[in-house]
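Peer 1: Got a structure for you, written out below as structure tokens; questions coming shortly.
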Ligand code: NAD
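Numbering (full-length UniProt numbering), first residue to last: 1 to 497.
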């Protein structure tokens with residue numbers, strides 16, 4: 001059986017804790033790999049390597065950093081297929097979707113290649129007689145990243161390329177459910193010339209995370225995962241004096257107005273609800289049909305959903321793969337089983353589905369629930385599986401009020417031909433990312449990604465300008481070069497005149 005080790009100080013390091021976790025191929029249900037779980041001491045070794053590397057990397061030139069990043073970009077580009085195959089083997093998503101994940105991660109490496117522009121400071125000359133003021137941004141030191149299972153390559157790439165481009169060194173703790181892509185990303189970074197210790201990967205569970213949260217040499221923590229853990233990370237790391245951004249779970253709504261192109265809306269709903277088997281933080285999990293659109297929209301969604309081919313991720317004809325674990329599959333199924341008793345109409349029930357020849361895989365088919373009451377568990381909780389809830393609203397106002405009452409505020413979308421309604425929605429809806437006739441509005445790399453309310457704890461979104469701000473701190477330098485006529489003691493507060 002394959003073992004996934006840690007990556008510390010530029011090399012693979014075998015775990016010494018004696019603790020391992022199982023990694024499963026979701027399509028077969030077989031345990032294919034074991035992953036080492038780091039002890040607190042092993043985390044300390046990774047942080048020590050990062051701290052030692054920071055002494056040099058933190059003061060390295062922008063030219064040196066970007067030279068590495070450009071080489072890294074080329075290497076990642078050449079290894080897209082290999083990375084996607086690693087993702088599919090442990091996560092289960094279909095190869096085309098895994099390739100999309102790698103491409104979206106690569107986008108942030110490309111952003112980091114342009115750090116020379118983003119790290120430019122500001123200079124004001126002659127703010128007073130012979131006085132200049134410069135604002136500059138400097139790295140923080142050692143930064144930790146803790147990432148979820150659903151994007152085992154992309155979410156780490158949301159973090160470390162920008163962090164190291166800004167001059168920080170990094171310790172990544174990827175999901176223990178699919179750890180191999182993160183290790184491969186670190187190996188390729190070393191091949192690109194990233195100095196030893198600048199990027200480290202420790203595998204593990206809560207023990208490793210909690211050590212990172214309290215470690216005195218970790219300056220900041222980036223987290224992406226579920227809401228309860230995001231809250232724990234934010235509270236604990238903040239209490240230890242660290243800068244924190246903790247992105248949590250989601251329940252993303254799509255509002256469909258009566259004037260929308262219903263075929264386009266149905267295409268979008270099916271793609272965004274069932275893509276990656278619903279295991280996306282930007283999945284559409286609730287459609288709010290306004291006015292009399294509901295029956296026709298549900299019929300169109302159903303017609304499309306019934307045609308989706310489910311199968312192993314490495315089969316090029318598969319459009320949707322299995323879920324990450326059997327326990328998760330059973331939990332997702334429980335929402336569908338309980339829906340009718342809680343007042344929903346079960347239009348499609350995907351539970352009990354299996355794939356011939358892969359009977360032990362973590363399969364579930366597509367489920368569609370209509371007229372779901374807001375009190376139903378399937379609506380109130382994040383399911384993170386291929387279950388789409390449709391709710392009905394009489395008016396635009398009722399629909400927006402429903403969305404705004406949700407405790408989450410990650411992404412949302414409106415489908416309409418009415419520019420005025422779309423503009424109103426952009427301003428009135430309480431979510432961090434909004435799509436207008438776009439179902440998964442995951443922003444491009446040079447804009448930032450982040451939600452509101454229980455979808456993000458902390459002030460900064462990830463990547464884009466927010467990412468650069470998160471991974472740097474500001475300094476303002478006021479300079480005067482003396483002139484013979486200057487001088488003399490002045491106890492007054494400088495008034496800059
Ligand atoms: P998770 O919260 O279970 O795990 C995330 C990370 O936290 C993992 O590395 C895990 O090892 C660690 N962890 C788990 N339990 C912990 C504990 N008790 N103490 C300390 N660390 C712990 O999330 P997941 O199941 O891997 O991922 C799915 C979740 O992530 C969903 O809720 C999804 O919405 C969310 N997500 C959010 C975004 C976003 O951008 N907002 C993006 C992707 C995923």
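C-beta atoms are modelled at their ideal positions from N, C-alpha and C, and glycine is treated no differently.
Can you tell me whether residue 493 is buried or exposed, with buried defined as 16 or more other CB within 10 angstroms of its CB?
Peer 2: As a first step, residue 493 is located in the chain shown; it is residue number 493 there, counting from the start. Label assigned to residue 493: exposed.
Peer 1: How would you write the range of the beta strand (DSSP E) that residue 433 sits in, first residue to last?
Peer 2: Counted from its first residue, the chain shown places residue 433 at position 433. Residue 433 -> beta strand (DSSP E) spans 433–436.
Peer 1: Rounding to the nearest angstrom, what Cα-Cα distance links residue 309 and residue 315 in this structure?
Peer 2: The sequence position of residue 309 within the chain shown is 309, counting from 1. The sequence position of residue 315 within the chain shown is 315, counting from 1. Whole-angstrom Cα-Cα distance: 10 angstroms.
Peer 1: Within this structure, are the beta carbons of residue 130 and residue 483 separated by less than 8 angstroms?
Peer 2: By 1-based counting over the chain shown, the position of residue 130 is 130. By 1-based counting over the chain shown, the position of residue 483 is 483. A contact, by the Cβ cut-off of 8 angstroms.
Peer 1: Would you kindly report the start and end of the unbroken beta strand (DSSP E) that includes residue 389?
Peer 2: Reading the chain shown from its first residue, position 389 is the one you call residue 389. It spans 387–393 - the beta strand (DSSP E) in which residue 389 sits, taken as one unbroken run.
Peer 1: Could you tell me the alpha carbon to alpha carbon distance between residue 431 and residue 486, rounded to whole angstroms?
Peer 2: The residue given as residue 431 occupies position 431 in the chain shown. The residue given as residue 486 occupies position 486 in the chain shown. Using only the alpha carbons, I get a separation of about 55 angstroms.
Peer 1: Within its chain, find whatever has a CB closer than 7 angstroms to the CB of residue 27; leave out the 5 residues flanking it on each side and keep chain order.
Peer 2: The sequence position of residue 27 within the chain shown is 27, counting from 1. Around residue 27: 92, 312, 313, 321, 322, 358, 361.
Peer 1: Taking the alpha helix (DSSP H) that residue 161 falls in, what are its first and last residues?
Peer 2: Mapped onto the chain shown, residue 161 falls at position 161. Note, residue 161: alpha helix (DSSP H), 154–165.
Peer 1: DSSP on residue 146, reduced to helix/strand/coil?
Peer 2: Translated into the one-based positions of the chain shown, residue 146 becomes position 146. Residue state, collapsed to three classes: strand.
Peer 1: Just the Cα atoms here: how many angstroms apart are residue 473 and residue 144?
Peer 2: Numbered from 1 along the chain shown, position 473 holds the residue referred to as residue 473. Numbered from 1 along the chain shown, position 144 holds the residue referred to as residue 144. Using only the alpha carbons, I get a separation of about 16 angstroms.
Peer 1: Verify whether the separation of the beta carbon atoms of residue 156 and residue 174 is less than 8 angstroms.
Peer 2: Position 156 of the chain shown, counting from 1, holds the residue named residue 156. Position 174 of the chain shown, counting from 1, holds the residue named residue 174. Yes.
Peer 1: Identify, in the order they occur along the chain, each residue of the same chain with its Cβ nearer than 8 angstroms to the Cβ of residue 499, setting aside the five sequence neighbours on each side.
Peer 2: The structure shown does not extend to residue 499, since the chain is modelled only from 1 through 497, so no value can be given for it.
Peer 1: Taking the DSSP output, what are the residues bridged to residue 138?
Peer 2: If you number the chain shown from 1, residue 138 lands on position 138. Per DSSP, 473.
Peer 1: Should residue 222 be counted as a contact of the ligand NAD given a C-beta to heavy atom distance under 7 angstroms?
Peer 2: Counting from one through the chain shown, the residue named residue 222 turns up at place 222. No, the Cβ of residue 222 stays beyond 7 angstroms of every heavy atom of the ligand NAD.
Peer 1: Quick one, which of 39, 9, 33 has its alpha-carbon nearest residue 19's?
Peer 2: Reading the chain shown from its first residue, position 19 is the one you call residue 19. Of the candidates 39, 9, 33, the one whose C-alpha sits nearest the C-alpha of residue 19 is 39.
Peer 1: Should residue 35 and residue 23 be called a contact, given that it needs their Cβ atoms to be closer than 8 angstroms?
Peer 2: On the chain shown, residue 35 is found 35 positions in, with the first residue counted as 1. On the chain shown, residue 23 is found 23 positions in, with the first residue counted as 1. Taking 8 angstroms as the Cβ cut-off, residue 35 and residue 23 qualify as a contacting pair.
Peer 1: Expressed to the nearest angstrom, what Euclidean distance is found between the alpha-carbon atoms of residue 72 and residue 119?
Peer 2: Position 72 of the chain shown holds residue 72. Position 119 of the chain shown holds residue 119. Straight-line Cα distance between these residues: approximately 20 angstroms.
Peer 1: How far does the alpha helix (DSSP H) with residue 420 in it extend, from its first residue to its last?
Peer 2: Counting from one through the chain shown, the residue named residue 420 turns up at place 420. Residues 419–428.
Peer 1: Please list the segments of the alpha helix (DSSP H) lying wholly inside the stretch 29–115, counting only runs of 4 or more residues, in order along the chain.
Peer 2: DSSP runs (the alpha helix (DSSP H)) wholly in the stretch 29–115: 40–57, 62–78, 80–91, 95–113.
Peer 1: So, with DSSP's three-state summary, where would you put residue 252?
Peer 2: As a working mapping, residue 252 is identified with position 252 in the chain shown. Reduced to three states, the DSSP call for residue 252 is strand.
Peer 1: Step through the CB atoms of chain B and report whether any lies within less than 8 angstroms of the CB of residue 294.
Peer 2: Absent from the structure is chain B; it holds one protein chain and no more.
Peer 1: Could you name the residues of the same chain whose beta carbon sits closer than 7 angstroms to that of residue 149, not counting the 5 residues immediately before and after it, in chain order?
Peer 2: Along the chain shown, one-based indexing puts residue 149 at 149. If we look at residue 149 and ignore the five residues flanking it on each side, its Cβ neighbours are 91, 175, 177, 178, 324.
Peer 1: Cβ-heavy atom distance between residue 24 and the ligand NAD below 7 angstroms?
Peer 2: Along the chain shown, one-based indexing puts residue 24 at 24. Because no heavy atom of the ligand NAD lies under 7 angstroms away, the Cβ of residue 24 does not count as near it: no.
Peer 1: Buried or exposed: residue 517, going by 16 or more other Cβ atoms within 10 Å of its Cβ?
Peer 2: Within the shown structure, residues of the chain are numbered from 1 to 497, placing residue 517 beyond reach of any answer.
Peer 1: I want to check one thing, is the minimum distance from the CB of residue 173 to the heavy atoms of the ligand NAD below 7 angstroms?
Peer 2: Here residue 173 corresponds to residue number 173 of the chain shown, with the count starting at 1. Yes, Cβ of residue 173 sits closer than 7 angstroms to a heavy atom of the ligand NAD.
Peer 1: What are the start and end residues of the alpha helix (DSSP H) that includes residue 280?
Peer 2: Along the chain shown, one-based indexing puts residue 280 at 280. Residue 280 -> no alpha helix (DSSP H), and no H or E assigned at all.
Peer 1: Just checking residue 322 against the ligand NAD - is the residue's beta carbon closer than 7 angstroms to any of the ligand's heavy atoms?
Peer 2: For the purposes of this step, residue 322 is taken as residue 322 along the chain shown, with counting starting at 1. Because no heavy atom of the ligand NAD lies under 7 angstroms away, the Cβ of residue 322 does not count as near it: no.
Peer 1: Go through the stretch 281–315 residue by residue and report every complete run of the alpha helix (DSSP H) that reaches 4 residues or more, in order.
Peer 2: Counting only runs of 4 or more, we get 294–305.
Peer 1: Please indicate yes or no: does the CB of residue 484 lie closer than 7 angstroms to some heavy atom of the ligand NAD?
Peer 2: Translated into positions along the chain shown, residue 484 becomes position 484. Outside the cutoff, so no.
Peer 1: Short check: CB of residue 376 to CB of residue 343, under 8 angstroms?
Peer 2: On the chain shown, position 376 is the one that residue 376 refers to. On the chain shown, position 343 is the one that residue 343 refers to. Cβ distance < 8 angstroms, so residue 376 and residue 343 count as in contact.
Peer 1: Could you tell me the boundaries of the alpha helix (DSSP H) in which residue 403 lies?
Peer 2: Here residue 403 is taken as the residue at index 403 of the chain shown, counted from 1. That run of the alpha helix (DSSP H) goes 396–404.
Peer 1: At a cut-off of 7 angstroms, is residue 273 close to the ligand NAD when judged by its beta-carbon and the heavy atoms of the ligand?
Peer 2: Translated into the one-based positions of the chain shown, residue 273 becomes position 273. False, no ligand heavy atom lies under 7 angstroms from that Cβ.
Peer 1: Alpha carbon to alpha carbon, what distance is there between residue 435 and residue 251?
Peer 2: Here the question's residue 251 lines up with position 251 in the chain shown. Here the question's residue 435 lines up with position 435 in the chain shown. Taking the straight line from one Cα to the other gives about 15 angstroms.
Peer 1: Helix, strand or coil, according to DSSP, for residue 216 in the structure here?
Peer 2: Counted from its first residue, the chain shown places residue 216 at position 216. Residue state, collapsed to three classes: coil.
Peer 1: Tell me, please, whether the stretch 323–337 touches the stretch 433–448 by the rule of three or more beta-carbon pairs shorter than 8 angstroms.
Peer 2: Judged by Cβ distances under 8 angstroms, the stretch 323–337 makes no contact with the stretch 433–448, as fewer than three pairs qualify.
Peer 1: Please name the residue or residues paired with residue 243 in a DSSP beta bridge.
Peer 2: Taking the chain shown and counting its residues from 1, the one referred to as residue 243 is at position 243. Its beta-bridge partners are 220.
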